[in-house]
Amino acid sequence: MKDFFADLHVHIGRSSQGKEIKRATAANLTFENIARESYYRKGVEVIGVVDCISPHVLEDIDKLLESGQLREKPGGGLEYRGSQIIIPGAEIESHQPSGGSAHSLCFFPTLDTLKRFSTSMSKHMRNIYSNSSVSRLTAQELFRAVEDYGGVLIPAHAFTPHKSFYGSCCKSLLELFDEKSFEKIPAIELGLSADSEMASQLSELDGKAFLSNSDAHSLPKIGREYNIIRMEEASFEELVMALKNENGRRIELNCGMNPKLGKYHRTYCNRCEKILEGEPPVLQCPVSSRHPVVVGVRDRLELIKDRKGPHMEGRPRYRYQVPLEFIPGVGPKTLDRLIEHFGSEMKVLHSAGFEELCRVVGVKTGELILKAREGLLEIGAGGGGRYGVVEV
Ligand SMILES: [Zn+2]
Ligand SMILES: [Zn+2]
Ligand SMILES: [Zn+2]
């Protein structure tokens, strides 16, 4: 068994031919650039790429397979240049007749099943080429569609106020999925504004793995959250086993931002344009109940939880980590210097020695990186779409 760094939620911006795949993403976020960046700079060994049902992306994948740079693994998943593992999948939006829409991550055992899923989904989407996430299906219908092709469905950023199951559709997943389907959901994604302790207060999630992924819309954001996953090798099959905690495969550690750094941690008043501190749940603005607010993940969870405190038994630790780009004094140039010296961001974050760090970036920044690694930085909470900030 080996431990792998894995980030299972990275978007594609453009095809290699420059066709737009997803709006509001960086233009250099192509399938191949993701594979390179993850391998050479990030040190994240397994990447879930979630816009692969666009025929433009499938074409890019086919070209890389033909050129021999990409190889499909026997247990599912793609190997780039003999090293980087890509798990191709999709993030798809479902809609409830009662209102509310939510995103799910969907992964498939083979490239063939992914392609067939893409063909079948083209009937349920306005534009499968770009904007490949919005479907007309309900959550249950989407689950069936994914299951038909042997895939797994994982609720994405499960508590965020926009486009998530617990944030905008339901208090319990059993309101949306029948019991059998619910049982087959192996994991949920926490999202940047939540951590395992917060999510474990919903008892229906016992037995489901928690994933901490980046939801990267640009290359630098890859790996800002990730998981350390123990597997025999990196493949779709092994990954599913790990999510189900089977045969010694498991998630060893969640590494993510302090949830206070997330964009939707606390409730935000759109009229007053400020974060509403105060004992959660804060569900309305103290100035006027008529002010429109964006309910924070912390506040929402406080409202729907059915346990008094966290229940971490049998769960891996959640380690707070501040992404390097959030650290005051670490701009793009410093980041380049760090990566060049230590080999990858993962090495800077996990194993770089203090003295060596100080030699490369100076004592002040070196100390901040060390504090970030140990979760000792002071953080002001985010909300309403604004990230939290590291306070020095
Ligand atoms: Zn999403
Ligand atoms: Zn996403
Ligand atoms: Zn207000």
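Heads up: the sequence shown begins at 0 in numbering that gives the first Met the number 0, then just goes up one per residue.
We treat Cβ as the ideally placed atom computed from N, Cα and C, and that holds for glycine.
Every beta strand (DSSP E) of 3 residues or more that sits fully in the stretch 186–248 is shown, in chain order, as 186–188, 208–210, 225–230. For Lys1, the enclosing beta strand (DSSP E) starts and ends at 1–9. A residue is called buried once 16 or more other Cβ atoms fall within 10 Å of its Cβ, and Glu272, having fewer, is exposed. Note: Met124 is bridge-paired with Ser134 in the DSSP secondary-structure output. In this structure, the beta-carbon distance from Glu224 to Ser211 falls below 7 Å. In the DSSP assignment, Phe325 falls outside any alpha helix (DSSP H), carrying neither H nor E. The beta carbon of Gln68 sits closer than 6 Å to those of Arg80, all from its chain and outside the five residues before and after it, given in chain order.
Under the 10 Å beta carbon count, Ser288 is surrounded by fewer than 16 other beta carbons and is classified as exposed. Glu90 is not a Cβ neighbour of Ile84, given a cutoff of 7 Å. Boundaries around His55 are those of the alpha helix (DSSP H), 54–65, since no beta strand (DSSP E) includes it. For Gly379, the uninterrupted beta strand (DSSP E) segment begins and ends at 377–379. Taking the CA atoms as reference points, Lys332 sits about 16 Å from Lys363. Spanning the alpha carbons of Arg229 and Gly166 requires a straight line of approximately 30 Å.
If you draw a 10 Å sphere on the C-beta of Tyr148, you find 16 or more other C-beta atoms in it, and that means buried. Boundaries around Tyr165 are those of the alpha helix (DSSP H), 164–167, since no beta strand (DSSP E) includes it. Counting other Cβ atoms within 10 Å of its Cβ, Glu237 reaches 16 or more and is therefore classed as buried.
In its chain, beyond the 5 residues on either side, Ser211, Glu224 have a beta carbon closer than 6 Å to the beta carbon of Gly255. Per DSSP, the continuous beta strand (DSSP E) segment holding Gly47 begins and ends at 45–48.
Near ligand 1, residues with a Cβ at less than 7 Å from any of the ligand's heavy atoms are Glu90, His102, Ala155, His156, Lys162, Asp214; the list follows chain order.
About 22 Å separates the beta carbon of Ile184 from that of Ile227, a gap too long to meet the 8 Å contact definition. The stretch 155–175 and the stretch 109–119 do not touch, with fewer than 3 CB-CB distances between them shorter than 8 Å. Residues of the same chain with a CB within less than 7 Å of the CB of Phe106, apart from the 5 flanking positions on each side, are Gly47, Ile86, Gly88, Gly150, Val151, Phe235 in chain order. Taking 3 residues as the minimum length, the beta strand (DSSP E) runs contained wholly in the stretch 301–367 are 316–319, in order along the chain.
Annotation for Cys268 indicates a beta carbon within 6 Å of some heavy atom of ligand 3. Counting the other Cβ atoms within 10 Å of the Cβ of Pro327 gives fewer than 16, which makes it exposed. Secondary structure note for Glu71: its beta strand (DSSP E) is the uninterrupted segment 69–71. DSSP lists Tyr267 as the beta-bridge partner residues of Ile274. Where Glu78 is concerned, the enclosing beta strand (DSSP E) starts and stops at 77–79. The DSSP-derived three-state label of Phe107 is coil.
Gly308 counts as exposed, since fewer than 16 other C-beta atoms from the protein chains shown sit within 10 angstroms of its C-beta. Residues of the same chain with a CB within less than 6 Å of the CB of Leu136, apart from the 5 flanking positions on each side, are Ser93, His123 in chain order. Bounds of the beta strand (DSSP E) holding Ser93 are 83–94.
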